Every structure is written in C-alpha cells, then in structure tokens.
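>
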Amino acid sequence: MSSSKFMSAAEAVQLIQDGDTVGLMGGGGGLMEATHVFEAVQARFLATQQPSNLTVMHALGIGDKKTKGMNCFAHEGLVKKVIGGHWVWSPAMQQLALSNKIQAYILPGGVSSQLMREIGAGRPGLISHVGLGTVCDPRFGGGRMNEAANEDLAEVIQIDGREWLRYKPFPIHVAIVRASAADEDGNISFEHEAANLDAQSLALAARNSGGTVIVQVKERLPKGALKAREVRIPSAWVDAIVVDPNQQTSYDIPFDPAFSGELTGEARASSEAEDHVREVAASQEAFSERQAVARRAHVELFNTGKPRPVINYGVGVPDAVAKLIAARNEQHRIYQTIEHGTYGGTLMDGVLFGYARNATAMLDAATQFDFYGGGGLDVACLGFGEFDAEGSVNVSRLGGVTVGPGGFIDIAQNAKKVVFCGTLAAKGVQLQTGDGQMRVLQQGSVKKLVTRVDQITFSGPQGLVRGQEVLYLTERGSFRLTPQGIELFEIAPGIDLQRDILDQMDFVPRIATDLKLMDAAHFRAG
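Pasting the structure below:
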C-alpha cells in the first residue's frame, strides 16, 4: 500500500480484522451512510468469510429495510454482537437477533454518540442520568435484547447521594464514517452533508483506541483547498480515505444544497417558499385520525409558558404535528430541533426522517444531546408503541422484535414536557371522522394501553421524580401522568367512554372529576 491515505473500498476493508469492534454511522435513508464501504465489507465476507465475529455499534438507524446499511452486515458469522440505537431499517439483522444468532443490545442514540466521545477522551465511560429506570438500566435489562446477550452495558453508581448510570467504555478498533470531501493531506470536510451526526466522535474514539479510521468521501481536493474552519476531522485522525464519486445525499437524492444548508439569500427564500407550498399540500391530504391527534398535540406545543419553546419531534403521528406547524407557517413561534443535530428548516418524514431542508444550524449529534441532557428541551412530541398503568412507554421492543429507541430515551427523559401521540388500539381498527366527531366502526385486535409494557423505554415513575409534565394523546381520549397513575381527562366527541376507551384498555385509569370533551374542531376536515 502506498503512503497515500487514498485507496479503494476493497483495500480499505482489508484493514478490518476478525473480532474487531467497528463503529458505524448513518441516520436512515442513506443519511451520511458510507454505502460504498459497507458494500465492500459485505463483498469481502461473502467471498472469503472475513472479517468475522465483529462487534458493530451504531447510534441511529442505518439502511433501507432491504439491502443497504446494516443489511450489509446481517450475515451469520460476519457479526457476533450488535449494539444498535435503532434496528428497523434492517429486518435481516432483527431476525438474527430474534433467533439468537447474534448478541443484540440497544443504547440510547445520544448515549452512543457521547460514549464515543468519552472513549476517545480516555475517560471512564459515560456517566449520565439518561436511561435510569429504562431497559438500559441493569435493573431493567441492561440494554440486553435477546437471550444471547449476556452482559450489562451500564452499571448504577452513586455520586453525592444521587443515582447515575455509568456506560462502560470499550475500544473501537475501526470507525467507518462518511463526509463530503478530503484534501490531499487527508483533512475531512462535511460541507455538502445533510447532517454531522457522530462522525467526529466515532473518529476520535477509534483514533485514540489505537484503531483505524476509514472515511468515505465524494470528492478528492488539492492540498490546501479546505479552509481550516471547514475541516471537521483533521488528517492526523485519518488512516484510509475511499472516494465514491457516486455518493448521494440520500439513497434517492443525488444532491440538493437545501439539505446541506448551503442556500442563502434569494435562492434560500425561493426554496423555503417551495417547501411551504409542499407542506400546505401535505396538510390537505385525506383527513384522518392522524390529523386529529396532531391538532390536539399542536395545542400543547404552545402551552408551556415559554414565548418560543424548544421542540423535538419524533416519528409517526409527530410527523403530522411538524407538517401542521409548517403548513400554518408557525416556525417562527418555536425553535425546532431534531436529535441528528439540526435546527429549523422543513423536516422530512418517512425514509427521510432526520433530513431538514434549509436548516438554520447543524451541530454534531453529541453536542445536540448535551443540550437536551442539560435541560434545554422544552417539549418533546413523540410516538408510542404501548403505555401502561404507571405511565411507562415502550417503543424499543414490539411483538418480541428488537426495534431500538434511537434518540427516544435521551429526548423523552430530558424534555420538560412530553407529549406522546398515537392511536389507542391497532390492527383492524376502522375509524370515521371529519365532521367534528370520532366514531369507531371496528375495534382493533391489539391493545396499546396495557397493564405493564413489554419493555420500558420511558419510565413513568422516573418522570414523576423528575417533575415532568407527561401527556398521552390518542384519537379517542387524552391521558396524563399523575402520582396516582394514568388519568383520562378528555374524551373525543362521538366516542363512547366505556365501549371505545375503557373496554379497549388492559387497565382502569383514573377518570378526571371534570372530564372534558375535546374541541370538535380537531375532528373537522378542512
């Protein structure tokens, strides 16, 4: 191999040894994913059965639910252990976990990013309150997601009489990260990327673990082409650079400067106007229970006592809340954030969740989670898989399948106010709305309000200790967390309390003495 750091993907993946711990990055839909290098790892393994028995760690979801991202690593023998923040983008890896072919673990997305930084700094792991009382707490699972997983990723410690979790450090032998460009010296820029994610933290962890840093970029630039402030990973940290001229913003979008935040002046104003037109059109889609719940949640965003609250949106029904804000042109009333490190702009959804057009700022993920963890987040609008009588929420394991929390734990645990949004039941539900009422034509066969959740991704009891305001909004009724348990305080017009709510729950909630009727406007189309 020449003294140059530039090499082919096939050459770069030869640097990965059997048994290595490999740190990966990405955010779903191809966001900052080193697709070319991932595919080279897979090709090498299929041809030679090497590298084998890898431990793979990633903070957020990576893949397309088919062949890309973590699906490249979903081969028995290639990996023995996966510590994943979010698993749904790789059904093949979920199946390996379900059948105990690998050791499956989860960590909160923010904890993963911050832990990489702590490993790189040589500190004794990450000491954090995030995860207390959840599946990441060793008293409630220790991050273990299947029987093959046999160790706890964290331990409970006491400092000044207060409980904390210490997430244990481990060496990162290889980091595979992605960026926009590298100059001849090996300095790395993120200029055309749609986020920063945890690229810097991962590279730092591998560099100071004595490991290898592999960077995939789109462009090779002359020496001195990058200004000092444009360099996000210095050459001193980098071992191998793979140029992929076909690298795209996402799996389907070759390049769009609106996603990388590069538009200014008239070009940006024009792009933002186009975004607004799209959001207005999206808000006029066929009216459904999603829009009804979104309208109810919208009220809570502006009921915080803050003139301009800092807000985070999750996936699912919260997507509709974000679209409602954009369609009503109310972005100026909030500070909009997502855990990937982005502020402002127009949020994308579906496979492009994590992308924002015309963002106003982009931070590293670890820094964004520092902001959340320190108390900077006023409202979190999140989905739920199921919640129970104590107010605990599960989104990380559903039907026995590993889903993972992504940034959910970091966000839900640290927001001053948490608004969980979703439907009261699932599978086979038939609803009718749009005329100011909500009617249940057919009940669902899966109850989402259960006696005890399968796994604790948000702890109701811990929320009470932290003094959080916690709401659970559904299309049939609104619930809140109280010291006495879950309380129903609102019911939708057209809903029968006993038949449509209480009979569809596995526990009996408290009923507010002043049980109110939801505003009929939430259920009116147009």
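Quick note, the sequence shown lines up with residues 10 to 535 if you use my numbering. Note that beta-carbon positions come from the ideal geometry of N, C-alpha and C, so glycine has one too. Just so we're clear, the structure is a prediction, and the values are computed from it rather than from any experiment.
1. Give me the Cα-Cα distance between I420 and S13, rounded to the nearest whole angstrom.
2. Jot down the residue ranges of each uninterrupted beta strand (DSSP E) in the region 106 to 181, minimum 3 residues, whole runs only, in chain order.
3. According to DSSP, is A191 helix, strand or coil?
4. Just to confirm the assignment, what range does the alpha helix (DSSP H) spanning K332 have?
5. Rounded to whole angstroms, what is the Cα-Cα separation between A158 and K90?
6. Do G363 and A204 count as a contact pair if the criterion is CB distance below 8 Å?
7. My output table needs one value for M10: the three-state DSSP class, helix, strand or coil.
8. Within its chain, find whatever has a CB closer than 8 Å to the CB of L24; leave out the 5 residues flanking it on each side and keep chain order.
9. In its own chain, which residues sit with a C-beta less than 7 Å from the C-beta of A398, not counting the 5 before and 5 after it?
10. Just reading off the beta strand (DSSP E) that L440 is part of, what are its end residues?
11. Please classify S137 as buried or exposed, where buried requires at least 16 neighbouring CB atoms within 10 angstroms.
12. Quick check on this structure: which residue in A329, I115, L333, Q513 has the alpha carbon closest to the alpha carbon of V410?
13. If I follow the unbroken beta strand (DSSP E) through S487, where does it start and stop?
14. Taking the runs of the beta strand (DSSP E) that are 3 residues or longer, which of them lie wholly in the region 390 to 441?
15. Determine the contact status of A68 and V46, defining contact as a CB-CB distance below 8 Å.
16. Could you tell me which whole beta strand (DSSP E) segments of length 3 or greater appear in the region 340 to 400?
17. I need the straight-line Cα distance from D284 to E127, nearest angstrom please.
18. Which residue or residues does DSSP assign as beta-bridge partners of S198?
19. May I have the straight-line CA-CA distance separating G385 from A424, to the nearest angstrom?
20. Applying the 10 Å Cβ sphere with the 16-neighbour rule, what's the burial state of S99?
21. Keeping to the same chain, check which residues put their C-beta closer than 6 Å to that of L524; ignore five residues upstream and five downstream.
22. Grouping DSSP H, G and I as helix and E and B as strand, with all else coil, what is M527?
23. Leaving out five residues on either side along the sequence, give the residues of the same chain with a beta carbon under 7 Å from the beta carbon of V65.
24. Write down the C-beta distance between R366 and A267 rounded to the nearest angstrom, noting that I regard them as a contact closer than 8 Å.
25. Under DSSP, the alpha helix (DSSP H) around R229 begins and ends at which residues?
26. Could you give the DSSP three-state label for M66: helix, strand or coil?
27. Quick check: what's the CA-CA separation for T143 versus I168?
28. What does A52 pair with, by DSSP beta-bridge criteria?
29. Pairs of beta-carbons, one from the region 422 to 440 and one from the region 465 to 479, closer than 8 Å: are there three or more?
30. For A521, I'd like the list of residues in its chain whose CB is within less than 7 Å of its CB, leaving aside the five on either flank, ordered along the chain.
31. So which of L361, V462, G270, V302 has the shortest CA-CA distance to G443?
32. When DSSP labels each residue in this structure, what does V308 get in the three-state scheme?
33. Determine the extent of the beta strand (DSSP E) in which Q451 is found, giving its start and end residues.
34. Answer yes or no: do G151 and P117 have a C-beta to C-beta separation smaller than 8 Å?
35. Less than 8 Å separating the beta-carbons of S189 and F179?
36. For F296 and K456, I'd like the C-alpha separation in whole angstroms.
On the basis of the coordinates in this document:
1. In the sequence shown, the residue the question calls residue 420 occupies position 411. In the sequence shown, the residue the question calls residue 13 occupies position 4. Answer to the nearest angstrom: the Cα atoms are 42 Å apart.
2. 112 to 115, 135 to 137, 163 to 168, 171 to 176
3. Reading the sequence shown from its first residue, position 182 is the one you call residue 191. A191 falls in the strand class under three-state DSSP.
4. For the purposes of this step, residue 332 is identified with residue 323 of the sequence shown, where counting begins at 1. From DSSP, the alpha helix (DSSP H) with K332 extends over 326 to 336.
5. In the sequence shown, counting from the first residue as 1, residue 158 sits at position 149. In the sequence shown, counting from the first residue as 1, residue 90 sits at position 81. Going from the Cα of A158 to the Cα of K90 covers about 8 Å.
6. Position 195 of the sequence shown holds residue 204. Position 354 of the sequence shown holds residue 363. Yes, the pair counts as a contact, with Cβ atoms nearer than the cut-off.
7. Working through the sequence shown from its first residue, we reach residue 10 at position 1. A caution first: M10 carries a pLDDT of 39, below 50, which makes its placement in the model unreliable, though a value can still be read off. Of the three classes helix, strand and coil, the one that applies to M10 here is coil, per DSSP.
8. What you label residue 24 is simply residue 15 of the sequence shown in a count that begins at 1. V183, T221, I223, D248, A249, listed in sequence order.
9. Numbered from its first residue, the sequence shown carries residue 398 at position 389. Closer than 7 Å at the Cβ level, and outside the excluded window around A398, lie T460, G494, I495, F516.
10. For this step, residue 440 is matched to residue 431 along the sequence shown. Segment 439 to 442, the beta strand (DSSP E) holding L440.
11. Looking up residue 137 in the sequence shown gives position 128. Counting Cβ neighbours within 10 Å, S137 comes out buried, since at least 16 surround it.
12. Along the sequence shown, one-based indexing puts residue 410 at 401. Measuring from the Cα of V410, the nearest candidate turns out to be I115.
13. Numbered from 1 along the sequence shown, position 478 holds the residue referred to as residue 487. S487 -> beta strand (DSSP E) spans 486 to 491.
14. 395 to 397, 426 to 430
15. Here residue 68 refers to the residue found at position 59 when the sequence shown is read from its first residue. Here residue 46 refers to the residue found at position 37 when the sequence shown is read from its first residue. Contact flag unset, no.
16. With a minimum length of 3 residues, the unbroken runs of beta strand (DSSP E) contained wholly in the region 340 to 400 fall at 344 to 347, 388 to 392, 395 to 397.
17. For this step, residue 284 is matched to residue 275 along the sequence shown. For this step, residue 127 is matched to residue 118 along the sequence shown. Whole-angstrom Cα-Cα distance: 39 Å.
18. Within the sequence shown, the letter at position 189 stands for residue 198. Answer is A190, V240.
19. On the sequence shown, position 376 is the one that residue 385 refers to. On the sequence shown, position 415 is the one that residue 424 refers to. Cα to Cα, the separation comes out at about 8 Å.
20. What you label residue 99 is simply residue 90 of the sequence shown in a count that begins at 1. With 16 or more other Cβ atoms within 10 Å, it is buried.
21. Walking along the sequence shown from the start, residue 524 turns up at place 515. Within the same chain, no residue comes within 6 Å of L524 by CB-CB distance, once the 5 residues on both sides are set aside.
22. Here residue 527 corresponds to residue number 518 of the sequence shown, with the count starting at 1. DSSP places M527 in coil when its eight states are reduced to three.
23. As a working note, residue 65 is residue 56 in the sequence shown. Closer than 7 Å at Cβ, skipping near neighbours: V31, L33, F82, V88, V91.
24. On the sequence shown, residue 366 is found 357 positions in, with the first residue counted as 1. On the sequence shown, residue 267 is found 258 positions in, with the first residue counted as 1. Cβ atoms of R366 and A267 come within 8 Å of each other, at about 4 Å.
25. By 1-based counting over the sequence shown, the position of residue 229 is 220. Unbroken run through R229 is the beta strand (DSSP E), 228 to 230; no alpha helix (DSSP H).
26. By 1-based counting over the sequence shown, the position of residue 66 is 57. Strand at M66.
27. One-based indexing of the sequence shown puts residue 143 at position 134. One-based indexing of the sequence shown puts residue 168 at position 159. About 20 Å.
28. Within the sequence shown, residue 52 is the residue found at index 43, counting from 1. Answer is none; A52 lacks a bridge partner.
29. yes
30. Reading the sequence shown from its first residue, position 512 is the one you call residue 521. Hits under 7 Å: E496, L497, F498.
31. What you label residue 443 is simply residue 434 of the sequence shown in a count that begins at 1. Looking at L361, V462, G270, V302, the one whose alpha-carbon comes closest to that of G443 is V302.
32. Locating residue 308 in the sequence shown gives position 299, counting from the first residue. The three-state reading of DSSP puts V308 in helix, counting H, G and I together.
33. Within the sequence shown, numbered from 1, the residue matching residue 451 stands at position 442. Counting along the chain, the beta strand (DSSP E) containing Q451 begins and ends at 447 to 451.
34. Position 142 of the sequence shown holds residue 151. Position 108 of the sequence shown holds residue 117. No, Cβ-Cβ distance for G151 and P117 is not below 8 Å.
35. Reading the sequence shown from its first residue, position 180 is the one you call residue 189. Reading the sequence shown from its first residue, position 170 is the one you call residue 179. No.
36. In the sequence shown, the residue the question calls residue 296 occupies position 287. In the sequence shown, the residue the question calls residue 456 occupies position 447. Computed Cα separation, rounded: 24 Å.
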